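Peer 1:
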Amino acid sequence: EAGVTQFPSHSVIEKGQTVTLRCDPISGHDNLYWYRRVMGKEIKFLLHFVKESKQDESGMPNNRFLAERTGGTYSTLKVQPAELEDSGVYFCASSLYTGANVLTFGAGSRLTVL
Amino acid sequence: RKEVEQDPGPFNVPEGATVAFNCTYSNSASQSFFWYRQDCRKEPKLLMSVYSSGNEDGRFTAQLNRASQYISLLIRDSKLSDSATYLCVVNRDNQGGKLIFGQGTELSVKP
Numbered sequence: 112e113a114g115v116t117q118f119p120s121h122s123v124i125e126k127g128q129t130v131t132l133r134c135d136p137i138s139g140h141d142n143l144y145w146y147r148r149v150m151g152k153e154i155k156f157l158l159h160f161v162k163e164s165k166q167d168e169s170g171m172p173n174n175r176f177l178a179e180r181t182g183g184t185y186s187t188l189k190v191q192p193a194e195l196e197d198s199g200v201y202f203c204a205s206s207l208y209t210g211a212n213v214l215t216f217g218a219g220s221r222l223t224v225l
Numbered sequence: 024r025k026e027v028e029q030d031p032g033p034f035n036v037p038e039g040a041t042v043a044f045n046c047t048y049s050n051s052a053s054q055s056f057f058w059y060r061q062d063c064r065k066e067p068k069l070l071m072s073v074y075s076s077g078n079e080d081g082r083f084t085a086q087l088n089r090a091s092q093y094i095s096l097l098i099r100d101s102k103l104s105d106s107a108t109y110l111c112v113v114n115r116d117n118q119g120g121k122l123i124f125g126q127g128t129e130l131s132v133k134p
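Line order of the protein sequences matches chains A and B. In terms of our numbering, the first sequence opens at residue 112 and continues consecutively. In terms of our numbering, the second sequence opens at residue 24 and continues consecutively.
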């Protein structure tokens with residue numbers, strides 16, 4: 112079984128530019144989550160999709176972040192315009208069941224904003 | 024104050040040592056508890072769930088004290104391959120998937 116895959120593994124952009132991160136969950140997993148870890152801090156929840164619907168987006172930091180999951184398969188997380196404080200590692204995770212506590216994480220997309 | 028607090032370490036121990044990690048959580052509504060392991064620049068992976076009765080998986084023992092809101096992980100007979108960051112994770116009831124992470128404790132096992 113393929114795991115959760117994320118692309119790109121590392122992105123370096125300048126402040127003000129746009130970046131789009133992609134996540135492919137495990138096939139058949141309706142639940143997809145985005146988390147991020149900024150430098151020196153703990154991993155924090157951003158949002159949760161059930162299929163194509165946003166179940167919980169309480170962790171999204173501001174309106175520069177836009178997550179989509181059209182068709183309920185892969186998801187994208189766009190940051191526009193990127194700021195220095197957006198640098199960090201963005202993790203995607205998926206689970207088969209809604210309400211599941213155990214998630215399978217991807218290796219993360221490292222974002223560096225200069 | 025962070026909702027989940029861990030000693031960030033690093034813990035540097037020799038092979039064969041026993042090492043204990045502690046974690047406290049502040050929200051009494053927390054219902055599920057886990058230890059995840061994260062290798063450098065890799066994804067967090069579930070190490071074990073933590074139950075009030077305590078649970079053991081080989082060299083790893085996890086304990087939960089709900090009254091004190093305290094979670095522990097004990098690793099016996101440390102191996103070089105145990106070197107990683109250990110993340111204490113909690114989840115509140117009916118918020119499945121919305122995990123709350125501690126900052127992680129770094130462990131380095133030396134020959």
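Think of the CB as a built atom: it goes at the ideal place given N, C-alpha and C, for glycine as much as any other residue. Small disclaimer: the values here were computed from a predicted structure and weren't measured.
What does A:S122 touch in chain B if you count any residue whose Cβ is under 7 Å from its own?
Peer 2: Residues of chain B passing the Cβ test: none, with the nearest at roughly 15 Å.
Peer 1: Comparing C-alpha positions only, which one of B:L130, B:G127, B:G120 sits nearest to A:L157?
Peer 2: Of the listed residues, the one whose Cα sits closest to A:L157 is B:G120.
Peer 1: Considering only residues of the same chain and omitting the five flanking positions on each side of A:R180, which have a CB-CB separation below 7 Å?
Peer 2: So the list reads L143, F160, E163, S186, once near-sequence residues are dropped.
Peer 1: Report the three-state DSSP secondary structure of B:T41 (helix, strand or coil).
Peer 2: DSSP places B:T41 in coil when its eight states are reduced to three.
Peer 1: Can you tell me the Cβ-Cβ gap for A:F202 and A:R147, rounded? I've got them flagged as a contact below 8 Å.
Peer 2: Going by Cβ atoms, the distance from A:F202 to A:R147 rounds to 7 Å, so yes, they are a contact pair.
Peer 1: With respect to the beta strand (DSSP E) encompassing B:D80, which residues constitute its N-terminal and C-terminal limits?
Peer 2: Looking at the DSSP string, the run of the beta strand (DSSP E) that includes B:D80 is 78-80.
Peer 1: Chain B partners of A:H159, CB-CB under 7 Å?
Peer 2: Those within 7 Å of A:H159 in chain B are G120, K121.
Peer 1: Name the residue from B:V27, B:K25, B:V36, B:E28 whose alpha carbon lies nearest to the alpha carbon of B:S104.
Peer 2: When only C-alpha atoms are compared, the closest one is B:V36.
Peer 1: In chain order, which alpha helix (DSSP H) runs of at least 4 residues are fully inside the region 165-221 of chain A?
Peer 2: Runs of the alpha helix (DSSP H) inside the region 165-221 of chain A: none found.
Peer 1: In chain A, which residues lie less than 9 Å from B:F124 when you measure between Cβ atoms?
Peer 2: Residues of chain A passing the Cβ test: Y146, R148, E153, I154, K155, F156.
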